[in-house]
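Engineer: Got a structure here, written out as structure tokens. Questions coming.
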Amino acid sequence: MEYDFKSIEQKWQSWWAENKTFQAKEDPSRKKFYVLDMFPYPSGAGLHVGHPLGYIASDIFSRYKRLQGYNVLHPMGYDSFGLPAEQYAIQTGQHPEVTTTRNIARYRSQLDRIGFSYDWDREVRTCDPAYYKWTQWAFLEMFDSWYDPDADKARPIRELVARLETTGYGDVTPERWNAASEKEKSDLLMRWRIAYQGETAVNWCPQLGTVLANDEVKDGLSVRGGYPVEQKKMTQWQLRVSAYAERLLAGLDKLDWTDSLKEMQRNWIGKSEGTELEFLCGEQQLPVTVFTTRVDTIYGVTFMVLAPESALVDALTVPAQRAAVDEYLTYVKKKTERERIAETKTVTGVFTGSYGTNPVTGEKIPIWISEYVLAGYGTGAIMAVPAHDSRDYAFAKKFNLPIVPIIEGCDVSEESFDAKEGKMCNSGFLNGLEVKVAIETAKDYVEAKGLGRRKTNYRLRDAIFSRQRYWGEPFPVYYKDGIPTALPLEKLPLTLPEISEFKPAENGEPPLARAKDWTYEGWPLEKSTMPGFAGSSAYYLRYMDPHNDNALVSREADEYWRSVDLYIGGTEHATGHLIYSRFWNKFLFDRGYVCEDEPFRKLINQGMIQGRSSFVYRVVGTNTFVSAGLKDGYQTTEIHVDISLVRNDRLDLAGFKAWRPEFADADFILEDGEYICGWAVEKMSKSMYNVVNPDDICDTYGADTLRLYEMFLGPLEQSKPWDTKGIDGVHRFLKRFWRFFYDGDTCLVSDGEPTREELKALHKLIGKEQEDIEAFSFNTTVSAFMIAANELGALKCNKRAILEPMVILLSPFAPHICEELWHRLGHETSVADASFPEYVESYTVEDSCTYAVSFNGKTRFTVDLPKSLDKDGVEAAVRPLDQTAKYVGDQTIVKVIVVPGKIVNIVLK
RNA sequence: GCGCGGGUGGCGAAAUGGUAGACGCGCUAGUUUCAGGAGCUAGUGGGGUAAAACCUGUGUGAGUUCGACUCUCAUCCCGCGCACCA
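Under the numbering used here, the letters of the first sequence match residues 134 to 1042, in that order.
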């Protein structure tokens, strides 16, 4: 019987499901390993061949760990709340739940065909009330907590209330607190709660009708849909992520993530250490605080700049400048975020008419307003040092403000000197100091004189947590006398009400305003819902204990599974999900609900798989198509052609004619009797006719081939184009592998003793597979299988003692064929429960000098050498021996290069 | 501007400082099969040769080294991230 992947794959997929082969159970007697994929958002388009790349890698790793004896948790679920389903609902009137359920079913059937070892009993869906009960619970816990900077962790809000009542906290005295009304108390507590309501500038997207978080906006456009976003002041629910900035930053050091991803998070958190200084400004001598990282340049300050949104603008504008300032503010306000970004090179600004006093020099300097100063960062006001800051420089040049260099010998006639190097001059007590020293000296000076203080700023903002949307978790909050009040825990989950239409209500309120009786005990419930990242922030915890109705995760389950050992997913979540999850987890850790403060110990980012589009070239004005190699002789238009009509860049002419009516009578100019298509690497999308569906690959080649091929394509972390033409290679390998066992219906497997050569081939593979899988180098592992097959094929080896371990080795990559062969070899239990073959190094040691070998690290040989060594050629006997490097005379051999028969080179130390 | 990755055959790619291009695709030749497809054998960086020999070759230039795709410096290009962040 030939390798019949179709029946094999179906058979074992059902068998695994029936036998619950991959069900994970807590078992304290066994070592655990938790392998997690970033769960997908089930979109209407279904999976293309790029989506499963990471899933295949994690599945291989899971199965590998299981063979190594670990108790593996490998779950899957769906991130099923979110904008696209709701946009679709608005357009079609279909309930998002309906489309979401349908999309999930499609995803599931696509995933099932690939033969993943998921424990589907642990599936979670973020839109399931039994799941989002715990999202709402976590929100209430955050609402019920404050960040205690002394303990450096979140604590119950009642502890803060107790302090406010007795000793006061911050600028709130006990007298003020105790005299405050309920409403005032609520407002005050919002200043400290982890989940709080507050007014800030938000990213408002009119087309989507909702606010968005910073990571949901890119280049002034919404990430979902690409609609323009504008800044707007609104009162919103927010999460105090900024309180965790330092811990989120410090925690990175302990994580086994790639440097680039850590760097992205560091950039996003944006720590900057500097100084805050007070300048007395205007007639009223208003103290204005500025933030700077370069106090050393204080003698070079020639003006100040306020952000247009700064609260001080009004007070510092003198009557004579009022009209000009108003005009400028109107101009700024009119601009969308996108225009602002596009025009960053244009320098704009206006003079307030006021002057401030440099606290160190006493000098009077003009105060300007400009949009290059951001209200949201630092204090929204800066001291400008045009000589040593390029933005200040551009501004000074434009408005003819003085530029005073304060570093010896620098030339500021053409551009500013931003580097932190050189010796200070024109700077009073700082003169002669190196810049780096001067920064510290100036900081000390300013603090000692009481002019300012050291201050650390972060770019990381609190997360805006409300969305004016329907398809998300409702906030478990109602407004009692206008005071935001937590719903009692026993009322959770607060389920989404049915509504008839998904558009915002006529009065501009969120869609939930359309719900009948959206109240609790007669009080109105919150009408916005939570954002997409809410449900994905703790899903990895829920997998540990998905059916628990009393807790997000039980203590036992949490203490057993602890945290994710390996997390695989795309890099697009670097500054969104991966920040929020870490924040969320740290919060739960602070409050004692989980035992690890970091959720994902190791993280791998799989690359994207791009499409490979094919083109035909139509000669302009005709219905004649010219082959790619000849197109230069004609004037042509490039037309995307469906890649299913193309094989190895050769066009299926009949298929092409049948594809579209207008091509039915197409003519072709061929080269060597064939039409060669052009190609390009582009994103996979329907409009480019380059989408490859994994189902189709499973139909023609089988899931095992798909799995092997996706791994073989190249390094996991690298982005690469999908090119179906290489797939035959791995498919051939599987067919060859099958033929080691069967020739037609004849079983070839014999019981003989393996030879040393055969054992060598096997153990080379075992060693390579262990090494490569641990290093996530799956493409070279697949190569190693092929090499082993070549070697064993040349040896005509059909011995059980070799083939049986081969089946185990291959099973993480190609589980179906291996399961089939495993059972045919007489086993009754799954190959997934076998043990990984033990590696014996001595089998792989070379016993002839066929290859170059070295003595450094892995020792393969010792060499008998004469005591006197001649660089140009040494006669020596080389003996195979797996021992460590020996001495030659009193010198250590560091390396010896050997080619057949002679020593090429010797290195001594 | 700052930061992080990368540049190796026609293509995807391998190479602890030690025979560069493993493995696969594609291509070429041979062979097998009624055929479709597939299988098997050999070859395949470039130049050179009847075949060898030989010369050359990992973006570019320098350096360290007996020896560099690999390490260091400079430079050019590509990808990604962050960015009027003071």
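Glycine included, C-beta positions come from ideal geometry on N, C-alpha and C. None of the values given here were measured: they were computed from a predicted structure.
1) Tell me whether V1021 sits in a helix, a strand or coil according to DSSP, three-state version.
2) With a threshold of 8 Å on Cβ separation, who are the neighbours of M817 within its own chain once the five nearest residues in sequence on each side are excluded?
3) Indicate the three-state DSSP secondary structure (helix, strand or coil) for S818 in the structure shown.
4) Could you tell me which of L784, T838 and E904 sits nearest to E807, measuring between CA atoms?
5) How should F562 be labelled, buried or exposed, when 16 other C-beta atoms within 10 angstroms of its C-beta is the threshold for buried?
6) On the criterion of 16 or more Cβ atoms from any shown chain inside 10 Å, does V1029 qualify as buried, or is it exposed?
7) At the level of alpha carbons, what is the spacing between E422 and L445?
8) P229 lies in the alpha helix (DSSP H); which residues open and close that run?
9) Taking only three categories from DSSP, how would you classify Q220?
10) Can the beta-carbon of T425 be found less than 8 Å from the beta-carbon of T408?
11) Near G555, what residues of its chain come up, given a Cβ to Cβ distance below 8 Å and the 5 sequence neighbours on each side ignored?
12) Applying the criterion that 16 or more other CB atoms from any shown protein chain within 10 Å of the CB defines a buried residue, is S314 buried or exposed?
13) Tell me whether G407 sits in a helix, a strand or coil according to DSSP, three-state version.
14) From this set, M397, G482 and A453, which residue's C-alpha is nearest K438's C-alpha?
15) Does the separation of the CB atoms of D212 and F249 fall below 8 Å?
16) Start and end of the alpha helix (DSSP H) containing R196?
17) At the level of alpha carbons, what is the spacing between Y265 and E654?
18) In the DSSP assignment, find the beta strand (DSSP E) that holds Q743 and state where it starts and stops.
19) Look at the alpha carbon of R892 and the alpha carbon of H207, and state the distance between them as a whole number of angstroms.
20) Find out if the Cβ-Cβ distance for the pair T268, G668 is shorter than 8 Å.
21) Quick test of the definition: if touching needs 3 or more C-beta pairs under 8 Å, does the region 609-622 touch the region 198-206?
22) Assess, as a yes-or-no matter, whether the region 288-302 is touched by the region 310-327 under the definition of 3 or more beta carbon pairs within less than 8 Å.
23) What residues are listed by DSSP as bridge partners for F758?
24) Beta-carbon separation of G585 and E411 under 8 Å?
25) Evaluate Q418 with the Cβ neighbour count: other Cβ atoms within 10 Å of its Cβ, from every protein chain shown; 16 or more gives buried, anything less gives exposed.
26) Considering only residues of the region 501-545, which uninterrupted alpha helix (DSSP H) runs meet the minimum length of 4 residues and lie entirely inside it, listed in chain order?
27) Under 8 Å between the Cβ atoms of P630 and Q601?
28) Can you give, in chain order, each stretch of the alpha helix (DSSP H) that sits fully within the region 801-888 and has at least 4 residues?
29) Distance, Cα to Cα, Y603 vs T662?
30) Grouping DSSP H, G and I as helix and E and B as strand, with all else coil, what is P117?
31) With 16 as the cutoff for other CB atoms within 10 Å, does C951 come out buried or exposed?
32) Determine the closest residue to D884 out of A934, E547, K467 and E363, with distance taken between C-alpha atoms.
33) Look up M275 in the DSSP assignment and give the residues it is bridged to.
34) So, does the region 849-869 touch the region 831-840, judging by three or more C-beta pairs under 8 Å?
35) Let me confirm a value: S487 is counted as buried when at least 16 other C-beta atoms fall within 10 Å, else exposed. Which label applies?
36) How is the beta strand (DSSP E) around F424 delimited, first residue to last?
Structural biologist: Let me lay it out:
1) Residue mapping note: residue 1021 aligns to position 888 of the first sequence, counting from 1. With a pLDDT of 30 at V1021, under the threshold of 50, the modelled position of that residue is not reliable, and the figure given next carries that caveat. If DSSP states are grouped into helix, strand and coil, V1021 belongs with the strands.
2) Working through the first sequence from its first residue, we reach residue 817 at position 684. So the list reads H181, V182, G183, I742, Q743, G744, N823, V824, V825 and W855, once near-sequence residues are dropped.
3) Translated into positions along the first sequence, residue 818 becomes position 685. Looking at S818 - three-state DSSP - the assignment turns out to be coil, as it is neither helix nor strand.
4) Counted from its first residue, the first sequence places residue 807 at position 674. Across the set L784, T838 and E904, the C-alpha of L784 shows the shortest separation from the C-alpha of E807.
5) Your numbering for residue 562 matches position 429 in the first sequence. Exposed, by the Cβ-count rule.
6) The residue you call residue 1029 lines up with position 896 of the first sequence. Low per-residue confidence applies at V1029: pLDDT is 47, beneath 50, and the placement is therefore not dependable, though the value from the model is reported in the following sentence. Label assigned to V1029: buried.
7) Locating residue 422 in the first sequence gives position 289, where the first residue counts as 1. Locating residue 445 in the first sequence gives position 312, where the first residue counts as 1. Glu is not the amino acid found at residue 422; the sequence shown has Thr there. Going from the Cα of T422 to the Cα of L445 covers about 11 Å.
8) For the purposes of this step, residue 229 is taken as the residue at position 96 of the first sequence. Unbroken alpha helix (DSSP H) run through P229: P229 to D245.
9) Indexing the first sequence from 1 puts residue 220 at position 87. It is helical.
10) To locate residue 425, count along the first sequence from 1; it is residue 292. To locate residue 408, count along the first sequence from 1; it is residue 275. It is a contact, given that the beta carbons lie within the stated cut-off.
11) Counting from 1 along the first sequence, the entry for residue 555 is found at position 422. So the qualifying residues of the chain are I540, E541, G542, C543, E567 and V568.
12) Mapped onto the first sequence, residue 314 falls at position 181. Exposed: under 16 other Cβ atoms inside 10 Å.
13) As a first step, residue 407 must be located in the first sequence, where it is residue number 274. Three-state result, G407: strand.
14) Position 305 of the first sequence, counting from 1, holds the residue named residue 438. First, the residue type needs correcting, since residue 438 is Val and not Lys in the sequence shown. The shortest C-alpha to C-alpha distance from V438 to any of M397, G482 and A453 is the one to G482.
15) For this step, residue 212 is matched to residue 79 along the first sequence. For this step, residue 249 is matched to residue 116 along the first sequence. No, they are not a contact pair.
16) Reading the first sequence from its first residue, position 63 is the one you call residue 196. Here the alpha helix (DSSP H) through R196 covers P185 to L200.
17) One-based indexing of the first sequence puts residue 265 at position 132. One-based indexing of the first sequence puts residue 654 at position 521. Taking the straight line joining both Cα atoms gives about 22 Å.
18) Here the question's residue 743 lines up with position 610 in the first sequence. It spans I742 to V752 - the beta strand (DSSP E) in which Q743 sits, taken as one unbroken run.
19) Translated into positions along the first sequence, residue 892 becomes position 759. Translated into positions along the first sequence, residue 207 becomes position 74. Note that residue 892 is Leu in the sequence shown, not Arg. Cα-Cα distance, rounded: 33 Å.
20) The residue you call residue 268 lines up with position 135 of the first sequence. The residue you call residue 668 lines up with position 535 of the first sequence. The answer is yes: Cβ separation under 8 Å.
21) With the cut-off at 8 Å, the region 609-622 and the region 198-206 do not touch.
22) Because the criterion of three Cβ pairs below 8 Å is met, the region 310-327 and the region 288-302 touch.
23) Here residue 758 refers to the residue found at position 625 when the first sequence is read from its first residue. In DSSP, F758 forms a bridge with R751 and F801.
24) What you label residue 585 is simply residue 452 of the first sequence in a count that begins at 1. What you label residue 411 is simply residue 278 of the first sequence in a count that begins at 1. Cβ atoms of G585 and E411: closer than 8 Å.
25) Looking up residue 418 in the first sequence gives position 285. So Q418 ends up on the exposed side.
26) For the region 501-545, whole alpha helix (DSSP H) runs of length 4 or above, ordered along the chain, are 523-532.
27) Translated into positions along the first sequence, residue 630 becomes position 497. Translated into positions along the first sequence, residue 601 becomes position 468. The answer is no: Cβ separation not under 8 Å.
28) Complete alpha helix (DSSP H) runs here, min 4: 827-833, 836-845 and 860-872.
29) Indexing the first sequence from 1 puts residue 603 at position 470. Indexing the first sequence from 1 puts residue 662 at position 529. Spanning the two alpha carbons is a distance of roughly 7 Å.
30) This structure gives no information on residue 117, because the portion of the chain shown stretches from 134 to 1042.
31) Mapped onto the first sequence, residue 951 falls at position 818. Burial is judged here by how many other beta carbons sit within 10 angstroms of a residue's own beta carbon; C951 has at least 16 and is buried.
32) Here residue 884 is taken as the residue at index 751 of the first sequence, counted from 1. Considering only alpha carbons, the answer is A934.
33) Reading the first sequence from its first residue, position 142 is the one you call residue 275. For M275, DSSP records no beta bridge to any residue.
34) Judged by Cβ distances under 8 Å, the region 849-869 makes contact with the region 831-840, as three or more pairs qualify.
35) Taking the first sequence and counting its residues from 1, one reaches residue 487 at position 354. Counting Cβ neighbours within 10 Å, S487 comes out buried, since at least 16 surround it.
36) Position 291 of the first sequence holds residue 424. Looking at the DSSP string, the run of the beta strand (DSSP E) that includes F424 is L419 to T425.
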